[in-house]
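To start, the structure itself, in structure tokens.
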Amino acid sequence: TEYYEMASLERINLEDLGLTGPFPDFSAMPNLQVLRIGGNNFDEGPLPDYIYTKTTLGDLRLNGCKLTGELTDDIGALANLRTLQLQDNAFTGPLPAGLSQLANVQVLNLENNGLTGQLPVLAGMQNLRVLGFSDNALSGDIPNFALFPFLERIELRDCGLAGNLGNEFAGLTQMSTYNSAPLLDPS
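Using the working numbering, the letters of the sequence shown map in sequence onto residues 3 to 189.
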């Protein structure tokens, strides 16, 4: 039986195995909850549309998979996501507004892509613990971190956001790492 014929499969972890070829087709797996295939050497190409239909996904790790193109607003359909790691790809274009619908997300890492534009409203991400936008070409102000009381790590180095942090860190008792561009004024 081929892996793509295993309709009852719920978890796939094939990270950092040196896999090559086209991006795998997991579209026939309606119960998929965990998809970790980051760090492989797949053929360059866009994020397959079927990923946006995997509403059972809670953990999606596609970091370093040579993915290109734009992320679409359809990403908001993945409402069960707790972990979204798409860093180290070649995504371009604006951050999709659909990100604001990911209310359960705890880890959001989109570092080291070619993403542009303003941040969508992230206020609904009350459980956010890790936020990574470093090495993109974003614009606008840094988010109000006081909205995310569980933040442990923020990566905003060379992402294009600017602003004054003020006293926003005062209530972030879980914070262990903050990494930003030198132009941010932490006062």
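All C-beta atoms, glycine included, are put in the ideal place defined by N, C-alpha and C. In this text, all values refer to a predicted model and were calculated from it rather than measured experimentally.
Rounded Cβ spacing between glutamine 103 and glycine 119 (contact assumed at less than 8 angstroms): Not really, about 17 angstroms apart at Cβ, beyond 8 angstroms.
Separation of proline 24 from asparagine 106, as counted between CA atoms: 30 angstroms
Chain-order list of residues whose beta-carbon lies under 6 angstroms from that of phenylalanine 44 (same chain, five-residue window excluded): Phe25, Cys67, Lys68
Beta-carbon contacts of alanine 99 that lie in its chain and below 6 angstroms, excluding the five residues immediately before and after: Spatial neighbours of alanine 99 in its own chain (CB-CB distance under 6 angstroms, excluding positions within 5 residues in sequence) are listed in chain order as Asp75, Pro122.
Threonine 57 in three-state terms, based on DSSP: DSSP places threonine 57 in coil when its eight states are reduced to three.
Residue from Asp18, Lys56, Ser136 with nearest C-alpha to alanine 89: Note on residue identity: the sequence assigns glutamine, not alanine, to residue 89. Checking every option, the nearest Cα to that of glutamine 89 belongs to Ser136.
Helix, strand or coil at alanine 105 [DSSP, three-state]: For alanine 105, the secondary structure class from DSSP, reduced to helix, strand or coil, is coil.
Member of Thr57, Ala148, Pro50 whose CA lies at the smallest distance from the CA of leucine 73: Pro50
Alpha carbon of phenylalanine 147 to alpha carbon of threonine 70, nearest angstrom: 29 angstroms
Beta-carbon spacing of asparagine 138, glycine 116 below 9 angstroms: yes
CA-to-CA distance, leucine 86 to methionine 31, given in whole angstroms: 19 angstroms
Residues of its chain near phenylalanine 150, where Cβ-Cβ distance is below 6 angstroms and the 5 sequence neighbours each way are ignored: Leu130
Limits of the beta strand (DSSP E) - the one that phenylalanine 93 falls within: 92–96
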